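Undergrad: Here it is: the structure, laid out below.
Numbering (my numbering), first residue to last: 16 to 270.
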């Protein structure tokens with residue numbers, strides 16, 4: 016199925032690790048998804064597949080769930096404001112993200128347009144900026160642990176530059192590296208800084224191999240390409256394999 020297809024793709028592209036980013040579309044899926052994530056991570060050494068944890072904004076016991084995710088050694092959670100039908104600056108998300116960040120957990124968030132879903136866009140750059148203000152207000156934590164997927168906001172580059180570029184947040188290049196022009200991707204990288212950009216493809220929508228080739232051909236320094244392809248991600252996720260060649264963050268739900 017999906018996983019064996021992914022492993023084939025990784026082999027073709029020379030990718031050591033891919034991330035499974037499960038999206039809970041209801042409260043009742045959360046426990047099962049997190050059990051599956053733990054099981055996936057136990058054999059990540061053989062498979063190269065690492066999983067994030069799942070949570071839904073309507074989970075009343077969100078503190079407990081995040082603490083459980085932390086104790087299960089899942090390094091991160093995935094949120095998808097469009098699939099979960101909640102705006103990113105909603106109090107229900109703020110409390111989850113704040114708790115996760117305080118626990119040192121990475122939070123990956125679908126940002127901008129989702130081509131498969133109707134309006135409204137639940138995570139536009141302006142709301143993401145407000146979310147960052149709310150999450151980091153009144154906390155000592157200053158670590159960049161929040162990842163806004165799809166170049167900070169899919170198909171919303173002007174607003175990304177206006178509201179988010181240079182802020183203490185990561186962008187990943189999922190989907191956009193394959194869809195944007197080379198110029199637009201470079202524009203995002205230059206505006207935000209390569210130290211805060213993560214390579215990603217968003218399989219199965221894009222090809223890992225093609226996206227890596229496209230990134231390697233961009234008009235940016237070799238050092239920046241290495242950061243984006245693997246150094247930043249290995250630092251953020253505490254992966255120390257020296258030979259880590261490329262990481263791909265992708266977000267189909269594997270439930």
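Where is the CB? At the ideal position from N, CA and C, for every residue including glycine.
These figures come from a predicted structure and were not determined experimentally.
1) Check for me: the alpha helix (DSSP H) holding residue 175 runs from which residue to which?
2) So, using beta-carbon positions, are residue 114 and residue 85 closer together than 7 Å?
3) So for residue 98, helix, strand or coil by DSSP?
4) If contacts are defined as beta-carbon pairs under 8 Å, then residue 55 and residue 35 qualify, I think. What distance do you get, rounded to the angstrom?
5) Below 7 Å between beta carbons: does that hold for residue 70 and residue 38?
6) Would you mind working out which of 64, 98 and 91 sits nearest residue 129, comparing C-alpha positions?
7) Is DSSP giving residue 269 helix, strand or coil here?
8) Kindly give me the distance between the Cβ atoms of residue 72 and residue 137, rounded to whole angstroms, as I take these residues to be in contact under 8 Å.
9) Rank 106, 105, 110 and 58 by C-alpha distance to the C-alpha of residue 79 and give the top, closest one.
10) Going by other Cβ atoms of all chains shown within 10 Å of its Cβ, with 16 needed for buried, is residue 93 buried or exposed?
11) Return no unless some Cβ of chain C is closer than 7 Å to the Cβ of residue 223.
12) What is the C-beta distance between residue 247 and residue 217, in whole angstroms, given that I count them as a contact (C-beta under 8 Å)?
13) Give me the Cβ distance between residue 192 and residue 172, rounded to the nearest whole Å; I'm assuming they're in contact under 8 Å.
14) Over what stretch of residues does the beta strand (DSSP E) that includes residue 123 continue unbroken?
15) Helix, strand or coil: which one does DSSP assign to residue 245?
16) How many whole angstroms separate the CB atoms of residue 121 and residue 162, which I take to be in contact at a CB cut-off of 8 Å?
17) Which word fits residue 226, buried or exposed, when buried means at least 16 other C-beta atoms lie within 10 angstroms of its C-beta?
18) Just tell me which of 144, 91 and 68 has its CA closest to the CA of residue 50.
19) Indicate the three-state DSSP secondary structure (helix, strand or coil) for residue 159 in the structure shown.
20) Residue 101 to residue 168, Cα distance in whole Å?
21) Give every residue of the same chain whose Cβ lies closer than 8 Å to the Cβ of residue 181, excluding the five residues on either side of it in the sequence, and list them in chain order.
TA: Looking at the coordinates:
1) Here residue 175 corresponds to residue number 160 of the chain shown, with the count starting at 1. 172 to 178 is the extent of the alpha helix (DSSP H) around residue 175.
2) Start at 1 with the first residue of the chain shown, and residue 114 comes out as number 99. Start at 1 with the first residue of the chain shown, and residue 85 comes out as number 70. Not closer than 7 Å, so no.
3) If you number the chain shown from 1, residue 98 lands on position 83. DSSP places residue 98 in coil when its eight states are reduced to three.
4) Counted from its first residue, the chain shown places residue 55 at position 40. Counted from its first residue, the chain shown places residue 35 at position 20. Residue 55 to residue 35, Cβ: 6 Å. Contact.
5) Sequence index remark: in the chain shown, residue 70 carries index 55 (1-based). Sequence index remark: in the chain shown, residue 38 carries index 23 (1-based). Cβ atoms of residue 70 and residue 38: not closer than 7 Å.
6) In the chain shown, counting from the first residue as 1, residue 129 sits at position 114. Cα-wise, what sits closest to residue 129 is 98.
7) For the purposes of this step, residue 269 is identified with residue 254 of the chain shown, where counting begins at 1. For residue 269, the pLDDT reaches just 32, beneath the cut-off of 50, and the residue's location in the model is therefore unreliable, although a value from the coordinates is still provided. Three-state result, residue 269: coil.
8) Numbered from 1 along the chain shown, position 57 holds the residue referred to as residue 72. Numbered from 1 along the chain shown, position 122 holds the residue referred to as residue 137. Contact flag wrong, Cβ pair sits at about 10 Å.
9) By one-based count along the chain shown, residue 79 stands at place 64. Measuring from the Cα of residue 79, the nearest candidate turns out to be 110.
10) The residue you call residue 93 lines up with position 78 of the chain shown. Counting Cβ neighbours within 10 Å, residue 93 comes out buried, since at least 16 surround it.
11) Absent from the structure: chain C. Only one protein chain is present.
12) Here residue 247 refers to the residue found at position 232 when the chain shown is read from its first residue. Here residue 217 refers to the residue found at position 202 when the chain shown is read from its first residue. That belief does not hold up - the Cβ atoms of residue 247 and residue 217 are roughly 17 Å apart, past 8 Å.
13) Position 177 of the chain shown, counted from the first residue, corresponds to residue 192. Position 157 of the chain shown, counted from the first residue, corresponds to residue 172. The pair is not a contact, with the Cβ atoms about 13 Å apart (cut-off 8 Å).
14) Position 108 of the chain shown, counted from the first residue, corresponds to residue 123. 121 to 124 is the span of the beta strand (DSSP E), which, as asked, contains residue 123.
15) Residue mapping note: residue 245 aligns to position 230 of the chain shown, counting from 1. Of the three classes helix, strand and coil, the one that applies to residue 245 here is helix, per DSSP.
16) Taking the chain shown and counting its residues from 1, the one referred to as residue 121 is at position 106. Taking the chain shown and counting its residues from 1, the one referred to as residue 162 is at position 147. Indeed, because the Cβ distance is near 6 Å, the residues count as touching under 8 Å.
17) For the purposes of this step, residue 226 is identified with residue 211 of the chain shown, where counting begins at 1. That one is buried.
18) Position 35 of the chain shown, counted from the first residue, corresponds to residue 50. When each option's Cα is compared against that of residue 50, the closest is 68.
19) Residue mapping note: residue 159 aligns to position 144 of the chain shown, counting from 1. Looking at residue 159 - three-state DSSP - the assignment turns out to be coil, as it is neither helix nor strand.
20) Numbered from 1 along the chain shown, position 86 holds the residue referred to as residue 101. Numbered from 1 along the chain shown, position 153 holds the residue referred to as residue 168. In a straight line, the C-alpha of residue 101 is about 16 Å away from that of residue 168.
21) Counting from 1 along the chain shown, the entry for residue 181 is found at position 166. 206, 207 and 208.
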